[in-house]
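Residue numbers (this note's numbering), protein chains in the order written: chain E, -8 to 798; chain A, 26 to 195. Heads up, the beta-carbon is just placed ideally off N, CA and C, and yes, glycines get one too. One structure is given below, encoded as structure tokens.
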């Protein structure tokens, strides 16, 4: 592989310039002319209520209003993995901010004014915000019809309860495993909800033209999945896939928030409501917080046992998720965690219960890390504590148990090649593990924390990628994929893959953003899988194009195909040293024969990739028997922090993160993922702090009160370490990395705080306030007041992880 | 009422309502789309423009306040190709999704116009009003620092002594 020309090189992004000069267009930037209408959403003020009536008459009388739309107009359900949502709330609302109606008007201000005049009468119902209550025997049911919802076959809802899905993983004999252990530690950890905070809010423009075509310009990570969800939901109207077109221009950040379908379904039907008019729906920043997706909260009870020589023998991991009012996507987060909540350790005896619970809070869903960010905080805190209990260095403890190729996974499959031990060693070396940094002042104290991480893409077993590739007259080429560049640099990486095969320089390759009419299929850009999946498809397309090029040359010049090769955009021949045929001379117009006839024609190619070795079918009581995950990406991370003893403020001095990417197709872009992911992860660890009031209303749905990092809030130093143990089925050995850089950030900080102060904080975020209270011996749970970011109002240590008597 | 603004060097007179925000007038009435809506409250900086050369959040400025003044958006910097700051931002892969890029670029440009030799702290402060969720800012800061250096070199100015952060190692 050492002769690779473009793979492994830190080439600048092919779309870098358009973003810096203001040329890159996002959905909100597209012009639709004077016919464009604007929509405003009427929202529920209640966490749970019956809708008694909706009176739209006054709103419709406002000059400039074109139409008011409610569930009456589109009484359909939708959902990615489980159809538990209505396009507009029908009969009942289940969270504060849920859409009840939408007003379409000539301009946004009119729509907003009129929306205030839609009169909705509600009858309030008891609501559940608290997991303990939601899982109790007499809990108000968020979805009384749960048993009737269409869902994918690997979800197991419990009708008559608030349990939307229960992923059980069982392996070995848990009792025996704990009996073998010399040390056992059990404790509870809490992780609240978090918000994605992409700087671009969701936006969609919908046009139902007079020929019956529905076109959507959508700020989406998932244009094809959106089309599929739209087509399924709108089938009663006679719409099918061929009638619907989803176009995704540049997306201003995703992080999972723009995966699947959330507010976009409203956009789709608003277009249907006003035939011939494009309608724009753009989330306000507030709506972006409470009515797209949030990261789910989780309460975790971990019992972990190990022998005195450091072998983990058994884990019992209970995860109770606050999934919010709808789980059509979020249930799969719970599922993914339930299959992998051992962390990267091949523990022989396993019991995992990952329970997706409905509450009357905004819908939970995918967020960078997809369940792993959530469970790793508890697990990797716990691993440190068990090591301490054993009197063993926590890095050594992790190293002993680090998963290796061929080890058995929790669900019974085998681990893919990976360099976890090297990641641990190099991270420990770089952070100078075991050496304390000298504090910068008398009231300062320093500490180091360590964690390992892993994550697999969570996707259906047949999630496919594909690519089209076509040459232009000048020998440049266009690659048409539907993997989305949400900032990670996919377009550039795909150009590198095509360039490597076809020798066309990256800067002469355009990779187009998705359009479901024109571009090849991609399931979704989620799960850190597109470099792998879409990369395989692009590589296959490029190889097919190369084969067609050689066929053309063979037919025109009689040279054997196997003697031909490409170099510097020319076809060359191993047996005829002087033969050089530039691609631009024939990739469109063919090659002229001596008699004036031509051979060849435009070179077009396609590629396709779908994993054929996966299966989501397994025993629902144990999760054994299937192969749900394609592969895991692993790594290790460490942090060096300094804490101000007076204020509790944490200053992050240095972060090291080593990740095994299989093959770094573009190391510079991977470094970007490391730095960006670490900063995002540290913010969830240290200060992002979502708060609801007692009635389920989100209190800080803005950047004034929900703080995300500015340029002043970053670590002093971040050291990415890129490891390359190739993934055999990846393009040039590559596997995904986008999410992984965020997921170890919370436990490394928690472990460093303990290392610095001897204080163990078990609930995120690890704010200065919490640290300061802990330093003064004050229990945060006793003074936290009545707002909550957790899914449990009480003291988490008293949470019993009960799932009700009847279950 | 009518206002007259000079947008990227071209004078235009346009009728606006007293309540119209500058961001909406620039984007929807004058058709320049690089200032983005991100929060509507001046928190995120995606709507940043230069008003008579000063950084402002166009979502917090009434259009009438811009009457008789000069508005610069990021498009003006690259009339003859990307300028030096932009070239460094591109070379450093400084942006990911790019949604914050126009605002960050203008904030950096304004900094270098008033301070040819910024410290790292000053660079961070200058872009601290522009939220970026993707990058962690490291490459942005690197790019601005490099651009400042090359601009100084071109102008024949010396660097002032300072100590900065260590930055990202590779």
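query, result
"Cβ separation of residue 190 of chain E and residue 158 of chain A, assumed to be a contact under 8 Å, to the nearest whole Å", "6 Å"
"Under 7 Å from the C-beta of residue 829 of chain E: neighbouring residues of chain A", "Because chain E is modelled from -8 through 798, residue 829 of chain E falls outside the range shown and cannot be assessed."
"Close Cβ partners of residue 347 of chain E (< 6 Å) along its chain, the five nearest in sequence each way excluded", "155, 156, 312, 314, 318, 322 and 325"
"With 16 other Cβ atoms within 10 Å as the buried cut-off, status of residue 556 of chain E", "exposed"
"Contacts that residue 115 of chain A makes with chain E (C-beta to C-beta distance below 7 Å)", "3, 7, 8 and 11"
"Whole-number beta carbon distance between residue 79 of chain E and residue 65 of chain E, since they are thought to touch under 8 Å", "7 Å"
"Cα-Cα separation between residue 591 of chain E and residue 546 of chain E, rounded to whole angstroms", "8 Å"
"Cβ of residue 192 of chain A within 9 Å of any chain E Cβ", "Bear in mind that the predicted position of residue 192 of chain A carries a pLDDT of just 48, short of 50, making it too unreliable to give a figure here."
"Cβ shell of residue 137 of chain E (< 6 Å), same chain only, five flanking positions each side left out", "148 and 150"
"Validate contact between the region 108 to 128 of chain A and the region 138 to 148 of chain A using beta carbons, cut 8 Å, 3 pairs", "no"
"Min CB distance residue 789 of chain E to chain A below 9 Å", "no"
"Cutoff 9 Å: residue 188 of chain E Cβ touching any chain A Cβ", "yes"
"Neighbour list for residue 19 of chain E in chain A, Cβ cutoff strictly below 9 Å", "52, 58, 61 and 62"
"Whether residue 365 of chain E touches residue 287 of chain E by CB criterion (9 Å)", "yes"
"Proximity test, Cβ basis, 9 Å: residue 30 of chain E and chain A", "no"
"CA-to-CA distance, residue 453 of chain E to residue 606 of chain E, given in whole angstroms", "8 Å"
"Residue nearest to residue 409 of chain E in terms of C-alpha spacing, selected from E/726, E/13 and E/502", "E/726"
"Neighbouring residues, chain A, relative to residue 703 of chain E (Cβ below 8 Å)", "149, 150 and 153"
"Chain-ordered chain E contacts of residue 71 of chain A [CB-CB under 9 Å]", "190, 191 and 243"
"CA-to-CA distance, residue -2 of chain E to residue 489 of chain E, given in whole angstroms", "10 Å"
"Contact set for residue 40 of chain A: own chain, Cβ-Cβ below 6 Å, skip 5 residues either direction", "27"
"CB-CB length for residue 74 of chain A against residue 38 of chain A, believed under 8 Å", "Not quite, the Cβ-Cβ distance comes to about 18 Å (not below 8 Å), so this is no contact."
"Classification of residue -6 of chain E by the beta-carbon crowding that lies within 10 angstroms, buried from 16 upward", "exposed"
"Cross-chain neighbours of residue 659 of chain E in chain A, by beta carbon under 7 Å", "118"
"Under 9 Å by beta carbon: chain E residues contacting residue 100 of chain A", "12, 13 and 14"
"Integer-rounded CB distance, given that residue 738 of chain E should sit under 8 Å from residue 442 of chain E", "4 Å"
"Below-9 Å beta-carbon distance, residue 107 of chain A vs any chain E residue", "yes"
"Where residue 663 of chain E meets chain A, residues with beta-carbon distance less than 7 Å", "118, 121, 160 and 164"
"Under 7 Å by beta carbon: chain A residues contacting residue 422 of chain E", "Chain A residues near residue 422 of chain E: none, gap ~13 Å exceeds 7 Å."
"Residue 20 of chain E burial status per 10 Å Cβ neighbour count (16 or more: buried)", "buried"
"Burial state of residue 485 of chain E, where buried means 16 or more other Cβ atoms lie within 10 Å", "buried"
"Chain A contacts made by the region 625 to 643 of chain E, where a contact means CB separation under 9 Å", "none"
"Through-space distance from residue 163 of chain A to residue 112 of chain E, alpha-carbon basis", "51 Å"
"Coil, strand or helix - residue 642 of chain E by DSSP", "strand"
"Per-residue DSSP class, three states only, for residue 330 of chain E", "helix"
"Sequence-distant residues of its chain with Cβ nearer than 7 Å to residue 638 of chain E (five each side left out)", "759 and 763"
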